[in-house]
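Notes to accompany the following structure.
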Amino acid sequence: FGTLDSSSDSIFYSDPRFVEHVDDQAVGILTSYVSQTVAHIPDAAVLDLCSSWTSHLEPKVSCARVAGLGMNAKELQANAVLTEWTVQDLNKNANLPYASGSFDTIFCQLSIDYLRQPLEVCREIGRVLKSGGTAHVLFSNRLFLSKAVGIWTGADDIDHAFTVGAYFHFCRDGLFRDIQAKDLSVRKGRNQRISGDPLYVVTATRI
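The working numbering puts the last residue of the sequence shown at 355; the count rises by one with no breaks.
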């Protein structure tokens, strides 16, 4: 779980980045996935982990609570769907500042590859999820190479799905069930090659 750049993440993320980190097509898929997932939960309490200026949640989707935890205050302030936000470096402190059983669903979007304590974070995800709640880890192959952990940079997309699934499986016995991976990428042609940036999700349900 080492990185090429071992300097403090708070320095790396000190300047706000008001940009998307995947192409427009992938952003559209990401937004549809997040919005449709939340729309099926009445009065949803949502946690956007590793949040930024966008949670890819359509404003028309009604939620009781949308909490965001990220690294940059200016980005979080600009996120219009958040009802609350917290600045916290999960690589320094993996303990989430929320009561147990607080959320119906949790998203971690395009950030799992930077976590140096993924098992601890997944345990905390399990703690703050309600029983039957779901966790959704979405990822692509686009990243800040210098800040991604070694277990990620040396693997392909299939390995990444196995890795995230293993995080949920091994973080603690009896915490999650129904751990699944899904390819959300657009594929075209006879060989069904990926068109544009790839996008995948690994989901897990709190027991």
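Note that CB positions come from ideal geometry on N, CA and C, so glycine has one too.
Uninterrupted alpha helix (DSSP H) stretches inside the segment 252-306 (no shorter than 4 residues)
266-276 and 298-301
Is it buried or exposed for Ser154, if we count other Cβ within 10 angstroms and need 16 for buried?
exposed
Count the CB pairs spanning the segment 262-278 and the segment 169-182 that are closer than 8 Å, and state whether there are at least three.
no
Under 7 Å: does the beta carbon of Val175 sit that close to some heavy atom of the ligand SAM?
For the ligand SAM, the structure offers nothing, since it holds no ligand at all.
Counterpart residues of Asp331 in DSSP-defined beta bridges
Tyr348
Determine contact between the segment 238-250 and the segment 160-179, defined as no fewer than three beta-carbon pairs at a distance below 8 Å.
no
Using a threshold of 8 Å, state whether the C-beta atoms of Val350 and Ala329 are closer than that.
yes
Report the residue from Ser183, Ala228 and Leu258 whose alpha carbon sits nearest the alpha carbon of Arg290.
Leu258
Please identify the residue among Thr234, Gln225 and Arg320 whose C-alpha is closest to the C-alpha of Glu272.
Arg320
Buried or exposed for Arg354, please, with buried defined as at least 16 other CB atoms from any protein chain shown within 10 angstroms of its CB.
buried
Taking Asp304 as the reference, give the member of Lys295, Arg275, Val194 and Pro346 with the closest Cα.
Pro346
Give the DSSP-derived three-state secondary structure of Ile177 in the structure shown.
helix
With DSSP as the reference, please indicate the residues paired to Asp196 in a beta bridge.
Gly216 and Phe255
Beta-carbon within less than 8 Å of Phe166's beta-carbon, same chain only, minus the 5 sequence neighbours each way: which residues are those?
Trp201, Glu223 and Ala226
Following the continuous alpha helix (DSSP H) through Glu232, name the residue where it begins and the one where it ends.
Here Glu232 belongs to no alpha helix (DSSP H); instead the beta strand (DSSP E) covers Glu232 to Val235.
Compare the C-alpha of Leu197 against each of Leu277, Ile306, Ile327 and Lys295 and name the closest.
Leu277
Are the beta-carbon atoms of Thr231 and Ile189 separated by less than 8 Å?
no
In whole angstroms, give me the CA-to-CA distance for Ser250 and Arg275.
9 Å
I'd like the list of long-range same chain contacts for Glu168, defined as Cβ closer than 7 Å, with 5 residues on each side in sequence excluded.
Val175
Would Ser333 be called buried (16 or more neighbouring beta carbons within 10 Å of its own) or exposed?
buried
Ala247, buried or exposed, once every other Cβ within 10 Å from all chains shown has been counted against 16:
exposed
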